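Structure record follows, encoded as structure tokens.
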Amino acid sequence: MTIAVWSGALEQGLLWAVMVLGVYLTFRVLDFPDLTIDGGFTLGAAVVTRFIIEGLNPLWGMIAAMFCGAAAGLVTGFLHTRLKIAPLLAGILTMIALYSINLRVMGSANLSLLRMETALTWIMNLGFNKACSAIILGAIAVIIVVIILYLFLNTEMGMAIRATGDNEQMIRTLGVNTDTMKIVGLSMGNALVALSGSMVAQYQGFADVGMGIGMIIMGLAAVIIGEALVGAKSLLRALIAVVIGSIIYRLVISVVLQIGLPTTDLKLFTAVIVTVALAFPVIKDSFRTKQMMRRVGNVEDTKG
Amino acid sequence: MLKILRVSKIFNPGSINEKVALQNISLHLQPGDVVNIIGSNGAGKTTVLNVVTGACPVNAGAILLKGQAIQSLPEHIRAAKMGRVFQDPLMGTAATMTIEENLALALRRGSRRRIRWGITTKDRALFRERLSLLGLELENRLKDKVGLLSGGQRQALTLLMATIATPQLLLLDEHTAALDPKTGEKVLKLTAKIIKAFQLTTLMVTHNLEQALQFGNRTVMMHEGRIILDLKGERRQRTSVKELLALFQQASGKTMDCDRLLLAK
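Protein sequence lines, in the order shown, are assigned to chains A and B.
First residue of the first sequence? That's 172 in the working numbering, and the numbers climb one at a time after it.
First residue of the second sequence? That's 88 in the working numbering, and the numbers climb one at a time after it.
What follows is the structure, encoded as structure tokens:
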């Protein structure tokens with residue numbers, strides 16, 4: 172493998188890791204399969220691109236993207252907790268609504284940032300090449316987000332959010348309004364997703380209305396890979412696992428692309444990876460049972 | 088202390104599955120009362136606890152706690168004043184979180200969850216002290232995940248969690264029923280110790296008739312959503328398990344149809 176493949180995986184892995192941390196927060200910590208993420212990622216990209224094209228500061232654009240993402244999470248949380256819409260459906264509704272909103276923000280299906288001043292060009296102006304700059308931008312964001320998430324999840328509120336995902340009935344009997352915790356968790360998760368989208372748009376040099384499709388599954392793939400390889404024994408370890416999972420997922424993708432998989436088949440490939448990972452425990456169990464049955468059968472055979 | 092006034096609870100009203108769980112029941116608890124609730128399956132014992140905590144809203148009647156009407160408050164607001172232990176040891180604790188995290192969540196029952204450190208050094212000292220009361224050596228395992236503990240250990244921990252922020256009311260829902268007899272007895276002894284130490288007013292659902300006559304100071308029997316017997320004082324002391332069974336048959340006009348109650352002798 173060439174150094175470019177490694178570098179590419181690291182760049183993308185870090186920039187997308189912030190999104191994966193958002194998926195981790197909603198899917199794993201809160202136990203909420205949140206499809207808002209597909210729309211929220213594009214929303215972040217759309218908002219930052221609009222900011223930059225209007226000549227505003229990219230940094231403010233990224234902050235605005237986070238707030239917009241949080242608002243999207245808030246809507247999903249409202250649909251689920253107040254209107255009692257099932258989690259998956261609540262997320263899909265927000266995602267579909269965001270498709271129109273994203274088009275409105277962008278004004279067209281595709282918006283280019285060619286030769287514009289972005290957070291990435293700032294770093295490049297310090298004398299780094301594009302790859303290096305992307306790694307620096309991604310690393311700064313990932314480090315800040317991991318530290319803040321780790322600290323937050325150890326606060327009273329953060330612990331209540333974790334307990335909401337673990338045992339909702341129990342934490343309600345301990346006097347916590349689980350609806351509020353879900354809304355806070357969903358907002359934070361989607362703020363991270365939108366931040367990641369805003370960085371990816373600057374890295375790619377454009378925002379596209381379809382760029383968020385399948386983001387939840389990519390995030391999930393990264394979370395599962397990270398948990399399998401690094402483990403989730405402690406909270407900090409779980410967060411670091413998510414980041415490493417994101418980088419390894421990108422590495423796998425680069426490798427299969429190098430081998431000759433067409434880019435258009437990537438989503439199919441990712442869906443298969445996630446399916447296998449999710450089905451793995453079931454397959455392992457049935458395999459074990461079969462093996463045991465066979466052994467029992469053999470014993471009877473020798474007796475007979 | 089706790090006044091349940093003419094409370095009725097009907098599940099699925101107006102449908103084919105309509106079930107009257109509580110029929111116009113009233114029950115008054117004095118401060119320090121430890122009340123055992125017995126009755127066959129479907130008598131409404133757990134529903135009484137659920138309407139008190141707010142897990143089920145009532146259809147009619149009022150519930151007063153220290154004079155304050157609470158029947159229309161949401162569950163998480165009422166939770167500030169009551170601790171609860173469920174029958175299922177898995178229900179009272181968060182398995183993926185550590186022992187100290189579970190206790191810290193319980194210690195802040197009733198206060199707002201803020202953005203400030205979830206566990207302080209002072210908390211840890213309190214947790215160690217309380218955990219040592221259990222005699223399960225859990226005080227040295229603060230950072231272990233609760234999922235690693237046995238059912239009995241988890242139930243003992245839940246009991247501690249229900250009482251670490253002293254509640255006005257302790258609700259126990261057959262909390263020893265899912266444990267093996269030896270562990271169950273240990274948890275019950277612990278319960279008595281904690282109730283005594285903090286002088287807790289308690290409502291306990293049980294299936295064990297002998298236990299229902301010995302534990303606490305009152306025994307209430309329910310049948311088909313009504314309270315059919317309320318034993319206390321001298322009369323309760325004179326009552327034997329056999330008499331209790333006979334009283335049930337007399338009051339309900341039926342034979343005791345629950346194997347568990349009979350076997351519990």
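Idealized CB from N, CA, C, for every residue including glycine.
Predicted, not measured: the structure shown is a model, and the values here were computed from it.
Does the separation of the CB atoms of residue i and residue j fall below 8 Å?
i	j	result
Ile-206 (chain B)	Glu-226 (chain B)	no
Val-219 (chain A)	Gln-373 (chain A)	yes
Ala-188 (chain A)	Val-313 (chain A)	yes
Val-317 (chain A)	Val-414 (chain A)	yes
Val-423 (chain A)	Ile-411 (chain A)	no
Ala-279 (chain B)	Gly-197 (chain B)	no
Gly-381 (chain A)	Ala-236 (chain A)	no
Ala-331 (chain A)	Met-341 (chain A)	no
Leu-431 (chain B)	Thr-306 (chain B)	Look at the range of chain B in this structure, 88 to 352, and you will see that residue 431 (chain B) is not part of it.
Met-309 (chain B)	Ala-142 (chain B)	no
Leu-89 (chain B)	Gly-148 (chain B)	no
Gly-336 (chain A)	Leu-201 (chain A)	yes
Ala-108 (chain B)	Thr-344 (chain A)	no
Phe-212 (chain A)	Val-364 (chain A)	yes
Ile-121 (chain A)	Asp-209 (chain A)	For residue 121 (chain A) there is no data in the structure shown, the boundaries of chain A being 172 and 475.
Thr-270 (chain B)	Val-172 (chain B)	no
Ala-249 (chain B)	Gln-174 (chain B)	no
Val-121 (chain B)	Asn-304 (chain B)	yes
Ile-124 (chain B)	Val-274 (chain B)	no
Go ahead and label residue i buried or exposed: buried means 16 or more other beta carbons lie within 10 angstroms of its beta carbon, across all protein chains shown.
i	result
Lys-352 (chain B)	Caution applies to Lys-352 (chain B), whose pLDDT of 43 falls short of 50 and renders its modelled position unreliable; the model cannot decide the point.
Gly-475 (chain A)	Its pLDDT being 45, under 50, Gly-475 (chain A) is placed unreliably by the model, and the measurement read from it follows with that caveat. The residue in question, Gly-475 (chain A), is exposed, as its Cβ has fewer than 16 Cβ neighbours within 10 Å.
Ile-164 (chain B)	exposed
Asp-115 (chain B)	In the sequence as displayed, the identity of residue 115 (chain B) is His instead of Asp. Its Cβ having fewer than 16 others within 10 Å, His-115 (chain B) is exposed.
Pro-118 (chain B)	exposed
Ile-103 (chain B)	exposed
Pro-229 (chain A)	buried
Ile-430 (chain A)	exposed
Phe-141 (chain A)	It is not possible to answer for residue 141 (chain A), since the shown part of chain A is limited to 172 through 475.
Lys-153 (chain B)	exposed
Ile-267 (chain A)	exposed
Thr-434 (chain A)	exposed
For a cutoff of 8 Å on Cβ pairs, would you count residue i as touching chain B?
i	result
Arg-465 (chain A)	no
Ile-342 (chain A)	yes
Asp-456 (chain A)	no
Leu-345 (chain A)	yes
Asn-296 (chain A)	no
Asp-337 (chain A)	yes
Asn-348 (chain A)	yes
Please confirm whether residue i has its beta-carbon closer than 8 Å to some beta-carbon of chain A.
i	result
Ala-166 (chain B)	yes
Gly-238 (chain B)	no
Gly-205 (chain B)	yes
Ile-202 (chain B)	yes
Leu-92 (chain B)	no
Leu-192 (chain B)	yes
Arg-215 (chain B)	no
Glu-261 (chain B)	no
Arg-171 (chain B)	yes
Lys-352 (chain B)	Confidence is the limiting factor: at Lys-352 (chain B) the pLDDT is only 43, short of 50, which leaves the residue's position unreliable and the question unanswerable from this model.
Thr-140 (chain B)	yes
His-163 (chain B)	yes
Arg-196 (chain B)	yes
Leu-89 (chain B)	no
Asn-99 (chain B)	no
With a threshold of 7 Å (Cβ to nearest heavy atom), would residue i be considered close to the ligand PLP?
i	result
Asn-273 (chain A)	The ligand PLP is not part of the structure shown, which contains no ligands of any sort.
Item to complete: Pull out every residue of the stretch 272 to 297 of chain B whose Cβ sits closer than 7 Å to any Cβ of chain A, in chain order.
Response: none
Fill in: Any beta strand (DSSP E) of 3 or more consecutive residues that is wholly inside the stretch 351 to 388 of chain A
377 to 379
Fill in: Interface positions of the stretch 308 to 335 of chain A facing chain B (Cβ-Cβ less than 8 Å), listed along the chain
Phe-323, Asn-325, Thr-326, Glu-327, Met-328, Gly-329, Met-330, Ala-331, Arg-333 and Ala-334
Worksheet entry | Secondary structure, beta strand (DSSP E): runs of 3+ residues fully inside the stretch 99 to 177 of chain B | 106 to 116, 121 to 126, 147 to 152 and 169 to 172
Worksheet item: Whole beta strand (DSSP E) runs in the stretch 207 to 289 of chain A with 3 or more residues, listed along the chain?
Response: 281 to 283
Worksheet item: Of the residues that make up the stretch 176 to 190 of chain B, which ones have a beta carbon closer than 7 Å to any beta carbon in chain A?
Response: Met-178, Gly-179, Thr-180, Ala-181, Ala-182, Thr-183, Met-184 and Glu-188
Fill in: alpha helix (DSSP H) runs wholly inside the stretch 186 to 237 of chain B, at least 4 long, in chain order
186 to 194 and 208 to 221
Practice prompt. For the stretch 247 to 309 of chain B, list the beta strand (DSSP E) runs that are entirely contained and at least 3 residues long, ordered along the chain.
Written response: 256 to 260 and 288 to 292
Worksheet entry | Residues in the stretch 239 to 271 of chain A having any Cβ partner in chain B nearer than 8 Å | none
Worksheet item: What residues in the stretch 307 to 335 of chain B bring their beta carbon closer than 8 Å to a beta carbon of chain A?
Response: none
Discussion item. If we require 4 or more residues per run, which alpha helix (DSSP H) segments fall completely within the stretch 375 to 457 of chain A?
Written reply: 386 to 400 and 406 to 430
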